[in-house]
Ligand code: NAP
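In structure tokens, the structure reads:
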């Protein structure tokens with residue numbers, strides 16, 4: 221669907237070296253999370269991925285990561301469940317001996333107009349997208365604080381910056397993630413821990429598969445195309461190597477939210 225002409229490629233040896241790091245990627249089985257997990261693996265990081273039910277996709281990502289020469293394992297966990305998130309973080313720490321990078325990418329949509337939105341649709345989206353990220357930060361931050369080092373990247377959305385009709389729940393969760401990012405960045409900066417958010421626009425994944433290229437949305441993207449999961453992954457990799465950026469929100473949207 222997406223056409224990306226004359227693409228400049230972020231070289232694997234362009235400066236970000238993640239060898240001996242463990243990156244935990246929630247929602248790493250598909251879409252943007254999968255692309256991030258494999259990009260970080262290509263840069264040398266061991267990767268632990270969390271998924272909610274799609275074991276086949278999760279195992280495939282781990283196999284691909286192992287082929288890149290790193291260790292990788294998948295863990296089924298509903299990130300919205302505080303106790304399960306803790307148990308999973310403990311298991312990953314036990315298995316790999318460390319956690320250096322946390323990518324809060326797991327996310328869902330339950331779209332509908334606010335006038336008829338069911339309470340459960342609101343709660344479910346906030347629970348996975350926002351509370352899920354809190355749960356993971358809550359359980360990983362003691363490890364980062366002990367290490368005096370850590371990178372946290374939260375995958376927000378331009379819906380959290382400018383709102384999106386039909387996505388009040390999703391927009392609220394993604395705006396909440398930006399507040400969570402900034403507060404976390406301020407709290408943990410003295411321990412050398414950076415926390416940033418990425419705000420993608422329209423990225424070609426399963427989540428957006430039902431939106432055809434004839435959708436008027438495409439006409440409003442200044443760069444004229446959907447983004448690629450790999451492009452978001454390149455930005456995440458850059459932030460993993462950035463030691464003097466924290467509390468930032470970076471749009472990657474082809475100009476959609478200018
Ligand atoms: P996707 O293709 O639908 O993949 C979602 C991933 O999240 C899957 O790995 C899924 O696991 C996992 N997941 C869902 N609920 C979970 C839960 N409760 N606990 C743990 N994992 C869970 O989504 P995507 O398009 O790659 O989006 C990734 C992130 O980017 C989301 O936060 C999304 O809001 C954000 N984003 C996407 C776009 C876009 O245009 N695609 C734009 C802006 C922001 P299973 O495979 O097991 O189901």
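In this note's numbering, the protein residues as written are 221 to 478.
Every residue, glycine too, gets a C-beta built ideally from N, C-alpha and C.
From a predicted model like this one, the values you see are computed outputs, not experimental measurements.
Validate contact between the segment 267-274 and the segment 295-311 using beta carbons, cut 8 Å, 3 pairs: yes
Per-residue burial, residue 236 [other beta carbons within 10 Å of its own, 16 or more giving buried]: Classification for residue 236: buried.
Contact under 8 Å by Cβ, residue 300 with residue 247: It is not a contact, given that the beta carbons lie outside the stated cut-off.
Anticipated Cβ contact below 8 Å, residue 244 with residue 285, distance rounded: The pair is not a contact, with the Cβ atoms about 13 Å apart (cut-off 8 Å).
Separation of residue 306 from residue 383, as counted between CA atoms: 31 Å
Residue 282: CB within 7 Å of a non-hydrogen atom of ligand 1: no
Residue 318 - DSSP class collapsed to helix/strand/coil: coil
For residue 252: DSSP bridge partner residues: Within the DSSP bridge table, the entry for residue 252 names no partner.
Cβ separation of residue 400 and residue 374, assumed to be a contact under 8 Å, to the nearest whole Å: 7 Å
Coarse secondary structure for residue 371, derived from DSSP in three states: Three-state DSSP puts residue 371 in a strand.
Residue 268 - DSSP class collapsed to helix/strand/coil: strand
Where residue 416 falls: helix, strand or coil (DSSP): strand
Proximity below 8 Å, CB of residue 447 to CB of residue 474: yes
Stretch-stretch touch, CB-based, cutoff 8 Å, three pairs: the segment 330-349 with the segment 276-291: no
Cβ contact (3+ pairs, closer than 8 Å) linking the segment 441-460 and the segment 358-367: no
Coil, strand or helix - residue 239 by DSSP: coil
Any non-hydrogen atom of ligand 1 within 7 Å of residue 297 CB: Correct: residue 297 has its Cβ closer than 7 Å to ligand 1.
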